[in-house]
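Have a look at the structure below, then the notes.
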Amino acid sequence: MIKLTETIEVRAPVDVVWEILTHPDQVVGCVPGMTLTADKGDGHYEGTISIKFGPTVANFRGQARLTYDHANKTCDIEAGGIDQKGSTRATASAHIVVIGADTTHVAIDGGFNVTGPLAQFARTGGVFVARALLAEFVSNLSQRLATQPQEPTAGTQDVPMTVSSAPAPAAQISGFRLLRAAFLSWVKHLFGQKQ
């Protein structure tokens with residue numbers, strides 16, 4: 531299992547950010563290339579993600595189970611997926627803690643495992659790609675928050691969503707842009723360790 535421990539900062543009140551994070555359709559709208567395809571109920575969801583590498587597009591489909599603790603603003607995620615050709619499989623788990631007041635800190639502690647043709651790449655660069663994807667998510671979430679009111683609705687709870695009412699997904703992931711960001715993150719990490 532490849533470990534991923536990150537804390538991201540969102541410049542918005544914690545209750546506003548938590549409300550968005552408890553609505554998978556809103557989260558998916560901030561992740562480039564991701565689409566929510568089904569709400570199976572009881573915290574189970576299905577979706578797809580597409581990553582474009584020049585003329586080639588890698589398509590993955592998967593499932594996720596989300597368990598929320600609204601009182602403590604935490605979420606546990608168990609997910610798995612397979613590429614369109616069936617040769618690469620991935621599983622992931624994460625514990626997410628949301629804290630803050632006027633600025634929100636989202637702590638992510640988890641990991642992922644990849645088998646198949648992309649396994650070697652995932653072992654050597656997967657964490658850096660995940661960090662680049664998180665940066666895209668934060669940027670898109672911040673843009674979304676800048677255009678909506680900063681007041682949460684009363685009583686955030688697990689509300690069934692209608693897949694057709696989900697916001698339009700963010701632009702498709704550019705694999706080359708993501709790899710560039712991952713490479714820069716790796717270089718910063720490498721030189722940061724030598725100081």
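For the sequence shown, the positions run 531 to 725 when my numbering is used.
In this text, a Cβ means the ideal position worked out from N, Cα and C, and glycines have one as well.
Going by DSSP, what residue range makes up the alpha helix (DSSP H) through residue i?
i	result
residue 669	649-676
residue 632	Per DSSP, residue 632 belongs to no alpha helix (DSSP H) and is neither H nor E.
residue 572	Counting along the chain, residue 572 falls outside any alpha helix (DSSP H), and DSSP gives it neither H nor E.
Spatial neighbours of residue i within its chain, please: CB distance less than 6 Å, with the 5 preceding and 5 following residues excluded, ordered by chain position.
i	result
residue 686	Confidence is the limiting factor: at residue 686 the pLDDT is only 46, short of 50, which leaves the residue's position unreliable, though a coordinate-based value still follows. Answer for residue 686: 549, 552, listed in chain order.
Taking the beta strand (DSSP E) that residue i belongs to, which residues open and close that run?
i	result
residue 545	First-last for residue 545: 544-551, but that is the alpha helix (DSSP H), not the beta strand (DSSP E).
residue 533	532-540
Going by alpha carbons, who is nearest to residue i out of the options?
i	options	result
residue 631	546, 538, 536, 535	546
residue 611	662, 580, 664	580
Using a Cβ-Cβ cut-off of 7 Å (strictly less than) and excluding sequence neighbours within five positions of residue i, which residues of its own chain qualify?
i	result
residue 541	633, 672
residue 560	667, 670, 671, 674, 700
residue 647	617, 618
Give me the DSSP bridge partner(s) of residue i.
i	result
residue 605	598, 626
residue 621	610, 643
residue 565	578
residue 636	538, 628
With a threshold of 8 Å on Cβ separation, who are the neighbours of residue i within its own chain once the five nearest residues in sequence on each side are excluded?
i	result
residue 537	635, 636, 637, 638
residue 578	564, 565, 567, 589, 590, 591, 592
> So, do the region 633-643 and the region 552-561 have three or more beta carbon pairs nearer to each other than 8 Å?
Replying inline: Judged by Cβ distances under 8 Å, the region 633-643 makes no contact with the region 552-561, as fewer than three pairs qualify.
>> Tell me whether the region 531-546 and the region 617-632 touch, counting them as touching only if at least three CB pairs, one residue from each stretch, are closer than 8 Å.
In response: Judged by Cβ distances under 8 Å, the region 531-546 makes contact with the region 617-632, as three or more pairs qualify.
>> Contact between the region 579-598 and the region 610-619 is defined here as three or more beta-carbon pairs at a separation below 8 Å; is this criterion met?
In response: Judged by Cβ distances under 8 Å, the region 579-598 makes contact with the region 610-619, as three or more pairs qualify.
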